[in-house]
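Enquirer: Before I ask anything, let me first share the structure, which is written out below as structure tokens.
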Amino acid sequence: MKPKLTIGLSILISLVLVAFGLVYGSVRGYADERARVTDLVSGENGMTAVLGYRASDGLNLCVVAQRHLPGEESVAALRAAANALREDETSLAALKAKDRALSEAFTAVAEALRKRDSFTQSQRDTQYLSMLTADFAQYGENAIYQTYNKAVAAFNQKLQTPVLGDVARFFGVKPCESY
């Protein structure tokens, strides 16, 4: 003869299974949405790729600057800032600080080049500098930054939802960091 479960125990097991499903689904859904937001940083054509392009422009400027500013400290600073930005970094605050340092070094080297007679006499290098400057500025104002910050704001707002957001935060889903 089979042992019979009482109706109360059956209901309790059902409620536990439903609660587990809701919690698991909620946490998994929030984690997946967070992963989509963080893919805007490290994914293909994400912010790290755009910052890598800016770093490449900085290194390209170093090549031009070596012809006209040999041994100049500002060129070495630009090279160091570009290489630092190309390193793997997980912190957005660190990426932003490195990008700011790269921008300052890029501007300093560009200004130093414009003051050199040998540079102003080279039509090829002046055109290349204007192209690099435009490219550098374009990557600095890329739409990925706004897209990421909007996605972060939407996700963080959603994570503040009562009950499901609270459960997700309780089980380790963290808000995203703005850039």
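Following the working numbering, the numbering of the sequence shown begins with 21 at its first residue and continues without gaps.
Beta carbons are placed, not taken as given, at the ideal position from N, Cα and C, and that holds for glycine.
Treat the numbers as computed from the prediction; the structure is a model and nothing was measured.
Contact between the segment 37 to 52 and the segment 75 to 84: three or more CB pairs below 8 Å?
Expert: Output reads no: the segment 75 to 84 does not touch the segment 37 to 52.
Enquirer: To which residues of the same chain is Arg106 closer than 7 Å at the C-beta, ignoring the five residues directly before and after it?
Expert: Counting only Cβ-Cβ distances below 7 Å, and skipping sequence neighbours, we find Gly72 and Ala75.
Enquirer: By how many angstroms is the C-alpha of Pro182 removed from the C-alpha of Phe191?
Expert: Their backbone Cα atoms lie some 14 Å apart in a straight line.
Enquirer: Taking the continuous alpha helix (DSSP H) assigned at Gln158, which residues delimit it?
Expert: First-last of the alpha helix (DSSP H) with Gln158: Gln143 to Gly160.
Enquirer: If you count every other CB in all the chains shown that lies within 10 Å of the CB of Tyr44, and 16 or more means buried, which is it?
Expert: Flag for Tyr44 reads exposed.
Enquirer: Suppose you measure from the CA of Ala163 to the CA of Arg120; what does that come to, to the nearest Å?
Expert: Ala163 and Arg120: Cα-Cα distance of roughly 17 Å.
Enquirer: Are Val129 and Ala85 touching if we call contact CB-CB under 8 Å?
Expert: Yes, these two residues count as a Cβ contact at 8 Å.
Enquirer: Quick one: what's got a C-beta closer than 8 Å to Ser46's C-beta in the same chain, skipping five residues either side?
Expert: Cβ within range, chain order: Leu184, Val187 and Ala188.
Enquirer: Just how far apart, CA to CA, sit Ala100 and Asp137?
Expert: Those two C-alpha atoms are separated by around 26 Å.
Enquirer: State the DSSP-derived secondary structure class of Tyr199, mapped to helix, strand or coil.
Expert: Looking at Tyr199 - three-state DSSP - the assignment turns out to be coil, as it is neither helix nor strand.
Enquirer: DSSP on Phe191, reduced to helix/strand/coil?
Expert: Three-state result, Phe191: coil.
Enquirer: The ligand NAP and Ala51: does any heavy atom of the ligand fall closer than 7 Å to the residue's C-beta?
Expert: For the structure depicted, the ligand NAP is absent and the ligand set is empty, with no information on it obtainable.
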